[in-house]
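Whatever position you read off the sequence shown (first residue = 1), add 7 for the numbering used here. The beta carbon of each residue, even a glycine, is placed where N, CA and C say it ideally should be. Have a look at the structure below before the remarks.
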Amino acid sequence: MAVDPLIELRDVNKYFGELHVLQDVNLTVGRGEVVVVIGPSGSGKSTLCRAINRLEPIHSGSITLDGQPLPEEGKALAKLRSEVGMVFQSFNLFAHKTVLQNISLGQVKVRRRKKHEADRRSRELLDRVGLADQADKFPAQLSGGQQQRVAIARALAMDPKALLFDEPTSALDPEMINEVLEVMQQLAQEGMTMVVVTHEMGFARSAANRVVFMADGRIVEDRTPEEFFTAPRSDRAKDFLSKILKH
């Protein structure tokens, strides 16, 4: 059990029609922890991640951030989403705005920073993710890996308490994956609280404090990377690992 809980899910259930996507899910993420969520397609991983900042409403149970229940709507929900940043598979950058504008916009609109303050912070973050020279370009002028690093910088610009990653490398060409994982690895080393849905087992082994394995909408295992990868307890996990690690 985490010593200092930041995110807590208790008996969370979620349906899409008659499909029971999350089934009595219980999960605690401690401050500064990196929790990597893995499992077969359709196991509920992305839905779990999206539920944490209310991109997907839940049908029963509770989710708290820093001991406070997640708000349902309005300004409180917007504030929550600034405190729990989300990095998507598809980047979600504004095509008609420059890289700098993409990162500064939320700071001005939500954090109420002055434009020059937001731009300064944006340039600092671009330097941090290795893109200091790309500030005035538009997303279409960047590679997929560069766009995803911009998306990470945009999430960091809101000074979040935690970052959620929903398969952040799955839309990237293989040669671009490492440049994104290196940024994520650095964030993990700096103590950022992270929930990462991914198929990148190397990242799970090296960066995670815990690996959560999901199947059929349930958390089947929640263990350290060493325990999970060397001695999985469940047949589902053993089968999953035998397929995904066989190459």
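For this session: Kindly provide the ranges of any alpha helix (DSSP H) runs that are 4 or more residues long and lie completely inside the region 8 to 82, ordered along the chain.
Result: Secondary structure within the region 8 to 82: the alpha helix (DSSP H) runs of 4 or more consecutive residues, fully enclosed, are 52 to 58 (chain order).
Exercise. Roughly how many angstroms lie between the CA atoms of Arg-130 and Leu-26, to the nearest whole one?
Worked result: 44 angstroms
Exercise. By Cβ distance below 6 angstroms, which residues in the same chain neighbour Gly-51 in space, the five residues on each side in sequence not counted?
Worked result: Counting only Cβ-Cβ distances below 6 angstroms, and skipping sequence neighbours, we find Val-28, Leu-29, Met-221, Gly-224.
Exercise. Where does Met-93 fall in DSSP's three states?
Worked result: strand
Exercise. How do the region 130 to 139 and the region 149 to 165 stand: do at least 3 beta-carbon pairs fall below 8 angstroms, yes or no?
Worked result: yes
For this session: For the beta strand (DSSP E) holding Val-230, just list the boundary residues, first then last.
Result: In the sequence as displayed, the identity of residue 230 is Arg instead of Val. Segment 225 to 230, the beta strand (DSSP E) holding Arg-230.
Exercise. Which residue's Cα is closest to the Cα of Gln-1: Glu-15, Ser-89, Ala-142?
Worked result: The chain is shown from 8 up to 254; residue 1 falls before or after that span and cannot be answered.
Exercise. For Arg-217, which of helix, strand or coil comes out of DSSP?
Worked result: strand
Problem set entry | Segment contact flag, the region 175 to 184 with the region 139 to 155, C-beta cutoff 8 angstroms, min 3 pairs | Touching, yes.
Exercise. Where does Leu-248 fall in DSSP's three states?
Worked result: helix
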